[in-house]
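Engineer: When the count follows my numbering, it moves up by one through the sequence shown with no breaks and lands on 1482 for the last residue. Even for Gly, the Cβ is constructed at its ideal location relative to N, Cα and C. Predicted model, so just to flag it, every value in this text is computed and none were measured. Structure incoming, see below.
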Amino acid sequence: MTTFLKMGFASALGSLASMGWRFSSKSCLLLFFAAIACSGFGGSEGVTGLLGDAIASSNAGPKLERMGLLTPQTLYFAIQEGYVGKRHSVEYEPDPEDRFEPAGSIVPERLLEAAHMGPLLDRLPRQDGGVGQFLFVYRKGLALGWVVGPERSLLWPVQPLEKTPLDVADLEDPSSYRLIEVDSLETWVPVSVSRKSRAHGKSASGPSYNGEFGVRHEIALEFPAALQSGSQYRLELRVLGVPEEAAFRFDDTRSVSEALHVNLAGYEVSSQSKIGYYSAWLGRGSYADLGSSTRFLVCDAESGEAVFEGEATLRTSDDGLEWRSEAGREVRHAGGPVWEMDFSDLDLVGRFRLRLPGIGVSPAFGIGQRVWEEVFAKQMLGFLNQRSGIALGPPFTAYRRPMNLNPKMGAKILSCDQDAFWSHRLPSGENEANPFSRIEASVIPGTQNPHAWGSWADAADHDRRYRHLEAVHVMLGLWERNSDYFGKLKLSLPEDEVSNGLPDILDEAWWGLGLYLRTQREDGAIVYGVESLRHPNRGEPSWLETLPVAVVPPTPDAAYTFAGAAARMAVDFKVLGDSRAEALLAAAGKAFSWALIADEDERYPERYRSQLHNRVMAAFHLWKATREDNYEAFLISQRLEADDWIQSDGKSRVPLFENLSPAVEIALSEEYPAALSAFRRKMRVSLPALADRLIEGASESAFRLLRQPGKDYFFWIVESEGSEVLIAAHILTGESRYIDVLEAASHFALGANPLNLSYTSGIGDRSITPMIGDAEFSHAGSPVGIPAYGPCVIPDGVLPRRAWAWDERRSAMLKGTIYPKSIEEWPLYEAYFESISLPAINEFTLHQGMCDQLRRWGYLAQIYD
618 MTTFLKMGFA SALGSLASMG WRFSSKSCLL LFFAAIACSG FGGSEGVTGL
668 LGDAIASSNA GPKLERMGLL TPQTLYFAIQ EGYVGKRHSV EYEPDPEDRF
718 EPAGSIVPER LLEAAHMGPL LDRLPRQDGG VGQFLFVYRK GLALGWVVGP
768 ERSLLWPVQP LEKTPLDVAD LEDPSSYRLI EVDSLETWVP VSVSRKSRAH
818 GKSASGPSYN GEFGVRHEIA LEFPAALQSG SQYRLELRVL GVPEEAAFRF
868 DDTRSVSEAL HVNLAGYEVS SQSKIGYYSA WLGRGSYADL GSSTRFLVCD
918 AESGEAVFEG EATLRTSDDG LEWRSEAGRE VRHAGGPVWE MDFSDLDLVG
968 RFRLRLPGIG VSPAFGIGQR VWEEVFAKQM LGFLNQRSGI ALGPPFTAYR
1018 RPMNLNPKMG AKILSCDQDA FWSHRLPSGE NEANPFSRIE ASVIPGTQNP
1068 HAWGSWADAA DHDRRYRHLE AVHVMLGLWE RNSDYFGKLK LSLPEDEVSN
1118 GLPDILDEAW WGLGLYLRTQ REDGAIVYGV ESLRHPNRGE PSWLETLPVA
1168 VVPPTPDAAY TFAGAAARMA VDFKVLGDSR AEALLAAAGK AFSWALIADE
1218 DERYPERYRS QLHNRVMAAF HLWKATREDN YEAFLISQRL EADDWIQSDG
1268 KSRVPLFENL SPAVEIALSE EYPAALSAFR RKMRVSLPAL ADRLIEGASE
1318 SAFRLLRQPG KDYFFWIVES EGSEVLIAAH ILTGESRYID VLEAASHFAL
1368 GANPLNLSYT SGIGDRSITP MIGDAEFSHA GSPVGIPAYG PCVIPDGVLP
1418 RRAWAWDERR SAMLKGTIYP KSIEEWPLYE AYFESISLPA INEFTLHQGM
1468 CDQLRRWGYL AQIYD
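Rendered as C-alpha cells:
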C-alpha cells in the first residue's frame, strides 16, 4: 500500500495491473485495493497511520482501500474522503498588507518580548491586555498560516483538506453497486449495504485549531450468494462521481479479510497465548458473524500451506454481550460477536496467516524467538526519541530532530518567583493539572537556568515533569529483577553512552533522572519540572519554541518521588561500582529531608502535596540504601495496612497503576524493615488474590483485556490495568497462567483488535501515526515507540457535559463527520479516530501508557530469553 502511494500514477496502475487488477478506460481515478493478494500494509521500518503514508496529491478524489470479505457473502472496502495536504514551514517574507489575527490563549503584555513577538509587535492587535499566542496571518484576504520561530521568520502554511465530496446517499444505495462473476457473467446487486464513517485526520485552516476532518467510509455489501474462491469478479461502482469498475480474483488463501485480527508484532514460539480473533461491526445495529463455519487454519504466509487446524470459539454471546456491570448494565464493547482462534500448540517458526475458508486470511504475522525483546527494544527507543535537550538522528535512531530546549543552543529557561507562583489564584474553571496561569503570574523574563535541560518530553508537547521518574523506577526494577539479561541487552543509545560500561537500560534511566539532579537546590528541593507558558504554538516544533519556558518551582511530591528514584539508582550504581552512587544517595537524602518540612507548608495546593505512594516509595528505598532507623520510623508513621491497598478478597482499594507500586515493591523485596513484616506478609497473599480477580474479569472481556469483575475498564484499554499485579503474582507463585493472561491482554494493543492496528508507532506493519508536534510541524517524520492512549471508556455509557475525554462537546464536534453520528453508538473497541482534536485517545504520557508497556513487555522479554 505504502509503495503504491509513493509511485507515480502510471507506475501504480501498471503494478496493480500486474497483480490481476483491470481498470475501465474511462477511469480517471486511481483506486487502491491494498488487501487483495498483498502480504502486508507497509514496511516495518515506516510509521504509518490507518491510511498509510500521508500524501499531498493534486488528485484529491476519493480512494478505495482494503477490499476483502467479512463473510462468504459480505464484501468490505473503505473509501477515504479527503487527505490532509502536508506542507512544511517556509521562509516568511513580510508584506505591508499582511493582516495578523492572533488566536489562542493570551500572552500578557509584560511577556510579549519573552515570547519572541518583538519583531511584529507594532502589527499585532491587542486583546484582553495582551496578544493571542498563535500568530495567524492573512494576505489580501487569503489565509496564509502561522508565523513561527524565535525570529518570526518562518511561516507554517495552512494544511488544507484535499477532497472531492461524496454523496453518502449513493454510498448506502444498493443500486450503486454491481458485482459480476467474469466467466459466467452472473450479476448481483447487494441485498443490503452497511456503512460506518470515521473521522481521520484534520486540516489546519486557522487561526486556532480550526479545520475540517477527513472521513474514512467503511462499506459492507451483502450479496445473495457467496463469492467463490478462485473466481474472477468485477465490481462496478457509481459512488465516486463517475462510473468505475475494477476486476479482481478472490482467493481465500491470499485475500486479506479485515475481520481477522492478529498480533502484528508476532508471537513467541513457546507461548501458550497464541491467539487471534474474528469480529466485524458493520455500523449501526449490524455485524458479521461466523455462524457454524468455525474451522480455521494457520497457513504459511508464502506458500499458503496449512500447518495447523482448529475451531474458533465464541468469546461473547451471540449478539456480542460481554458482561453485566454491578448495576446491571449490559456491556457490548465490540458491537457484535467476537470469535477467538487459539493456535498455542503450533510450535513452528516462520511467517504465517490465519485463514477462514471462504472468507480469506489475516495480515501476516511471525512466530519466533525474542519477539517480546524486539517489542521492548522499540518501546525503549520511544523513550530515547522523547529525550529533550540533545539532537536525535542516525546512527542511534532514524528519527531526526535538532537539539531542542537546551541553554547550550541559546534557549532561555526562565525562573519563576516562587511566592508569586503559589499565591496566584487560578481563574474560574482552570484545571490545576497544567500550571500555565501560575507560570504566567510568576515567570521572570531575563533569567536563565543553565542546567535545566534533559529528561524526556511528556507527550505531544515539550514539558518535562517529575512524574516521568516513574519510568526510572520501572527501568531500575527490570534490571534488578534480572541483571544478567538486562545487563547484556543492547539498546539504541548515543555513541558516548554505548561504551561507558553501564548497562544500556540504566543509561536511559540516568538520562531521565539527570534534569532533576542538576537542578536540585542547595536545601534539597526538587523542581516540579520544566514547562512552557502554554501548550505549543501551532506550527512550532520544540527547537523553534517561542513561548516562555520556565522551571516550575519545587513541590513536596516531586521531592519524595525523586528521593525514591535516586536512592534506588544509588544502590544499583553501587553494585556496579559506579562512582555516581554516593552523590545520588546524598541528593536523595536531602530531597527527603526537604519534603518532610515542605509538606507542612499550607501554601501548596492539594495536587502538589505529597502522595502516599511516593512517600512510601522514597522512605523504603532510602531505608534499603542506608538501613537508617529514621526511614523505618517514617514508614511506621504512615500506618500501612494491607487492607487499605487490597482487601483480603482481592478487591483493590487504589488505582492499579503507580499507586500500588510501593506495596508491590515491599511484597517482592527480600530486604525490608522488620516493622513492615506483617504488611509484607499480607500483601504477598493479597496480590495473587487480586491477580485472580483480574483474570476473572479478563475472561469476560471479548479481547481478554484486564479488568475487575463487575466493573468496566479503568479508562483506557491499550494501557493494561493491573499488569504490575499479574507480574507480581507470577514472581510470588511461579504459576505460568499469570504470564499467559498477561500476554493475552497484550495482543489487542499490538494489532489484534477490530482496526487491525498497532497502537504503538513503528511496531507491526500497520501502526498509529503518533500525536507528536515535532513530527506534525516539520520534516522530522514520526518516531518509533510512541503509543496512543487509544479508545477510552464513556463512564456508565453516558456522556458528561464537559470532560477532558469524551463529552457532549466532542460528540457534537464529530456529528457531521462520523456515522453513526453519536459517539455513544460506537462500540468502545472501534472508537479510535486519529486527530489532534481528540487528545484523550490520541495523546500519550510517559508515566502512564509508556511505563505500563515498558514494565509489561520488559518482563515478558526476559521470561522468554
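Is the number of C-beta pairs between the stretch 1306-1318 and the stretch 1428-1446 that are closer than 8 Å three or more?
Structural biologist: no
Engineer: Since residue 956 and residue 895 should fall inside the 8 Å C-beta cutoff, what is the C-beta to C-beta distance between them, to a whole number of angstroms?
Structural biologist: By 1-based counting over the sequence shown, the position of residue 956 is 339. By 1-based counting over the sequence shown, the position of residue 895 is 278. About 4 Å separates the two Cβ atoms, so the contact holds.
Engineer: If I measure Cβ to Cβ from residue 843 and keep anything under 6 Å in the same chain, skipping five residues before and after, which residues do I get?
Structural biologist: Walking along the sequence shown from the start, residue 843 turns up at place 226. Excluding positions up to five away in sequence, the list reads 689, 690.
Engineer: Can you give the Cα-Cα distance for residue 1164 and residue 1364, rounded to whole angstroms?
Structural biologist: Locating residue 1164 in the sequence shown gives position 547, where the first residue counts as 1. Locating residue 1364 in the sequence shown gives position 747, where the first residue counts as 1. As the crow flies, the alpha-carbon of residue 1164 is around 40 Å from that of residue 1364.
Engineer: Using CA atoms only, rank isn't needed, just tell me which of 990, 1155, 1140, 1471 is closest to residue 1107.
Structural biologist: For the purposes of this step, residue 1107 is taken as residue 490 along the sequence shown, with counting starting at 1. It is 990 whose Cα lies nearest to the Cα of residue 1107.
Engineer: Along the chain, which unbroken stretches of the beta strand (DSSP E) at least 3 residues long are found entirely within the stretch 997-1078?
Structural biologist: Here the runs fully enclosed are 1030-1033.
Engineer: Across which residues does DSSP place residue 765 in a beta bridge pair?
Structural biologist: The count along the sequence shown starts at 1 and reaches residue 765 at position 148. Answer is 771, bridged to residue 765.
Engineer: Run through the DSSP bridge pairs and tell me what residue 923 is partnered with.
Structural biologist: Position 306 of the sequence shown holds residue 923. BP columns for residue 923 point to 916.
Engineer: Between the Cα of residue 937 and those of 1127, 947, 1073, spot the shortest distance and give me the residue it belongs to.
Structural biologist: Locating residue 937 in the sequence shown gives position 320, counting from the first residue. Minimum Cα distance to residue 937 is reached at 947.
Engineer: DSSP puts residue 1367 in a beta bridge; with which residues?
Structural biologist: As a working mapping, residue 1367 is identified with position 750 in the sequence shown. In the DSSP assignment, residue 1367 is bridged to 1375.
Engineer: Would you give the residue range spanned by the alpha helix (DSSP H) that residue 1479 belongs to?
Structural biologist: For this step, residue 1479 is matched to residue 862 along the sequence shown. Unbroken alpha helix (DSSP H) run through residue 1479: 1468-1480.
Engineer: Hey, how far is the Cα of residue 839 from the Cα of residue 1045?
Structural biologist: Taking the sequence shown and counting its residues from 1, the one referred to as residue 839 is at position 222. Taking the sequence shown and counting its residues from 1, the one referred to as residue 1045 is at position 428. Near 54 Å, if we compare the C-alpha coordinates of residue 1045 and residue 839.
Engineer: Taking residue 752 as the reference, which of 801, 764, 743, 760 has the closest Cα?
Structural biologist: Walking along the sequence shown from the start, residue 752 turns up at place 135. Out of 801, 764, 743, 760, 764 has the C-alpha closest to the C-alpha of residue 752.
Engineer: Buried or exposed for residue 1230, please, with buried defined as at least 16 other CB atoms from any protein chain shown within 10 angstroms of its CB.
Structural biologist: Taking the first residue of the sequence shown as 1, we reach residue 1230 at position 613. Around the beta-carbon of residue 1230, 16 or more other beta-carbon atoms lie within 10 Å, marking it buried.
Engineer: What does the Cβ neighbour count give for residue 1238, buried or exposed, with the cut at 16 atoms within 10 Å?
Structural biologist: As a working mapping, residue 1238 is identified with position 621 in the sequence shown. Buried, since its Cβ has 16 or more Cβ neighbours within 10 Å.
Engineer: On the premise that residue 775 lies in contact with residue 1541, defined as a C-beta separation below 8 Å, what is that separation, rounded to the nearest angstrom?
Structural biologist: Absent from the model: residue 1541. The displayed extent of the chain is 618 to 1482, so no value can be given.
Engineer: Which of helix, strand or coil does DSSP assign to residue 826?
Structural biologist: In the sequence shown, residue 826 corresponds to position 209, counting from 1. Coil, per DSSP.
Engineer: Is it buried or exposed for residue 1353, if we count other Cβ within 10 angstroms and need 16 for buried?
Structural biologist: As a position in the sequence shown, residue 1353 is number 736, starting the count at 1. Burial call: exposed.
Engineer: Can a CB atom of chain C be found closer than 8 Å to the CB of residue 1106?
Structural biologist: Within the model displayed, chain C is absent; a lone protein chain is all it includes.
Engineer: Helix, strand or coil, according to DSSP, for residue 1438 in the structure here?
Structural biologist: Counted from its first residue, the sequence shown places residue 1438 at position 821. Residue 1438 falls in the coil class under three-state DSSP.
Engineer: Which residues in the same chain have their Cβ closer than 6 Å to the Cβ of residue 1028, if we skip the five residues on either side of it in sequence?
Structural biologist: Your numbering for residue 1028 matches position 411 in the sequence shown. So the qualifying residues of the chain are 1022.
Engineer: With DSSP collapsed to three states, give me the class of residue 697.
Structural biologist: Here residue 697 refers to the residue found at position 80 of the sequence shown. Of the three classes helix, strand and coil, the one that applies to residue 697 here is strand, per DSSP.
Engineer: With DSSP collapsed to three states, give me the class of residue 1330.
Structural biologist: In the sequence shown, the residue the question calls residue 1330 occupies position 713. Reduced to three states, the DSSP call for residue 1330 is coil.
Engineer: Leaving aside the five residues before and after residue 607 along the sequence, list all residues of the same chain whose C-beta is less than 7 Å from its C-beta, in chain order.
Structural biologist: In the structure as shown, the chain starts at 618 and stops at 1482, and residue 607 therefore has no counterpart that could be examined.
Engineer: Check whether the stretch 1282-1294 touches the stretch 1317-1336, taking contact to mean three or more Cβ pairs, one atom from each stretch, closer than 8 Å.
Structural biologist: Cβ pair count under 8 Å is below three, so no.
Engineer: Just confirm the distance between the C-beta atoms of residue 900 and residue 697, as a whole number of angstroms; I'd bet it's less than 8 Å.
Structural biologist: For the purposes of this step, residue 900 is taken as residue 283 along the sequence shown, with counting starting at 1. For the purposes of this step, residue 697 is taken as residue 80 along the sequence shown, with counting starting at 1. Not really, about 17 Å apart at Cβ, beyond 8 Å.
Engineer: Could I get the ranges of all uninterrupted alpha helix (DSSP H) runs contained in the stretch 736-811, with 4 residues as the minimum, in chain order?
Structural biologist: 785-788
Engineer: Which value, in whole angstroms, describes the spacing of the CA atoms of residue 923 and residue 805?
Structural biologist: As a position in the sequence shown, residue 923 is number 306, starting the count at 1. As a position in the sequence shown, residue 805 is number 188, starting the count at 1. Using only the alpha carbons, I get a separation of about 32 Å.
Engineer: Along the chain, where does the beta strand (DSSP E) that runs through residue 898 open and close?
Structural biologist: Within the sequence shown, numbered from 1, the residue matching residue 898 stands at position 281. 898-900 is the span of the beta strand (DSSP E), which, as asked, contains residue 898.
Engineer: Near residue 755, which residues of its chain fall below 6 Å by C-beta distance, leaving aside the five closest residues on each side in sequence?
Structural biologist: For the purposes of this step, residue 755 is taken as the residue at position 138 of the sequence shown. Excluding residues within five positions, the ones whose Cβ falls inside 6 Å are 716.
Engineer: Can you give me the C-alpha to C-alpha distance between residue 1414 and residue 1423, rounded to a whole angstrom?
Structural biologist: As a position in the sequence shown, residue 1414 is number 797, starting the count at 1. As a position in the sequence shown, residue 1423 is number 806, starting the count at 1. Each residue's alpha carbon lies about 10 Å from the other.
Engineer: If you compare alpha carbons, which of 1150, 1241, 746, 869 is closest to residue 975?
Structural biologist: Numbered from 1 along the sequence shown, position 358 holds the residue referred to as residue 975. Comparing Cα-Cα distances from residue 975 to each of 1150, 1241, 746, 869, the minimum goes to 869.
Engineer: Apart from the five residues on each side of it in sequence, which residues of its chain come closer than 6 Å, Cβ to Cβ, to residue 1177?
Structural biologist: As a first step, residue 1177 is located in the sequence shown; it is residue number 560 there, counting from the start. If we look at residue 1177 and ignore the five residues flanking it on each side, its Cβ neighbours are 1212, 1227, 1231, 1232, 1235.
Engineer: According to DSSP, simplified to helix, strand and coil, what is residue 816?
Structural biologist: As a first step, residue 816 is located in the sequence shown; it is residue number 199 there, counting from the start. Secondary structure of residue 816 (DSSP, three-state): strand.
Engineer: Is DSSP giving residue 1462 helix, strand or coil here?
Structural biologist: Residue 1462 sits at position 845 when you count from the first residue of the sequence shown. Here residue 1462 sits in coil by DSSP.
Engineer: From residue 1084 to residue 1074, what does the alpha carbon distance come to, in whole angstroms?
Structural biologist: For the purposes of this step, residue 1084 is taken as residue 467 along the sequence shown, with counting starting at 1. For the purposes of this step, residue 1074 is taken as residue 457 along the sequence shown, with counting starting at 1. Their Cα atoms are separated by approximately 11 Å.
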